[in-house]
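Heads up: the sequence lines are chains A and B, in that order.
Per our numbering, the very first residue in the first sequence carries number 773; after that it's consecutive.
Per our numbering, the very first residue in the second sequence carries number -1; after that it's consecutive.
Each residue gets a CB set at the ideal place from its N, CA and C atoms; glycine is no exception.
Given the structure is predicted, the values throughout are model-derived calculations rather than measurements.
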Amino acid sequence: DVKVTQSSRYLVKRTGEKVFLECVQDMDHENMFWYRQDPGLGLRLIYFSYDVKMKEKGDIPEGYSVSREKKERFSLILESASTNQTSMYLCASSSSDGIYEQYFGPGTRLTVT
Amino acid sequence: AQSVAQPEDQVNVAEGNPLTVKCTYSVSGNPYLFWYVQYPNRGLQFLLKYITGDNLVKGSYGFEAEFNKSQTSFHLKKPSALVSDSALYFCAVRDGRNYQLIWGAGTKLIIKP
């Protein structure tokens, strides 16, 4: 079974702090994604990566950056956390098999105070 | 433009009754369609997918979905609902231009005993 893990289930940070969210997948998938999920807004894509060191902006990249130094690991960075970044963050991965079914981690609920 | 619509924010069903969660799509080319389920404070779990072949697709937990090309729909169904089916359901379609999935806004399914 594909396994996608995220570094924390719950995280509380203060405004202005730098925040790192890490995601690791064990299926050698080429593609990795970061979403945020807010009530009534569904899933919104922040960034994705289709290869090591490659990244592309999604729909809401402002205030975020990402890093993919190894194929299995995709990190989301909040350079200076703000209260409007309080949300559920979901990581996913998929292979480049033409179907692109995504596999999700358990999510990180981030609260910025 | 490529899109997915879930026209109902919430669906209420009595336990034991059949349930339907609706999804319509608009994509260029052949659609690859997915249903995912999300339980509270968890990541998304894959339920089923349509790639090609039989229009009736069977998935996890007794769910099935019917692909209708003429109506561009992929409705999720279950013959007899359980209280434990209460969750948030997302429909998604592969974006024909790249390896992303396009997500519906989600439908909250509430099964009452």
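Inside the stretch 67 to 106 of chain B, DSSP marks whole beta strand (DSSP E) runs of 3 or more residues at positions 71 to 76, 85 to 92 and 99 to 101, from first to last along the chain. Sequence-ordered contacts of the stretch 813 to 824 of chain A with chain B read L813, G814, L815, L817, F820 and Y822 [C-beta pairs closer than 8 Å]. Residue environment: T880(A) is assigned as buried (16 or more neighbouring CB atoms within 10 Å of its CB, all protein chains considered).
Burial is judged here by how many other beta carbons sit within 10 angstroms of a residue's own beta carbon; A(-1)(B) has fewer than 16 and is exposed. Within the same chain, L848, Y861 and T880 come within 6 Å of L793(A) by CB-CB distance, once the 5 residues on both sides are set aside. In the DSSP assignment, no residue is bridged to Y822(A). For Y34(B), DSSP records a beta bridge to F44(B) and F88(B). One finds nothing in chain B with a Cβ atom closer than 9 Å to the Cβ of E844(A); even the nearest lies about 17 Å away. Comparing C-alpha distances from R95(B) to each of L46(B), S26(B) and V19(B) shows the shortest one belongs to S26(B). Put simply, of V838(A), E844(A), K843(A) and K825(A) the residue whose alpha carbon is nearest the alpha carbon of L850(A) is V838(A). Close to chain A, meaning a Cβ-Cβ distance shorter than 9 Å, are the following residues of the stretch 92 to 104 of chain B: R92, D93, N96, Y97, Q98, L99, W101, G102, A103 and G104. Close partners of K106(B) in chain A (Cβ separation under 7 Å) are lacking, with about 10 Å as the shortest Cβ gap. Here DSSP, grouped into helix, strand and coil, assigns S58(B) to helix. Look at S839(A): its C-beta is not under 8 Å from any C-beta on chain B. When C-alpha distances from D869(A) are compared across C863(A), Q778(A), D800(A) and T858(A), the shortest belongs to D800(A). About 5 Å separates the beta carbons of K106(B) and L86(B), which is inside the 8 Å limit, making them a contact pair.
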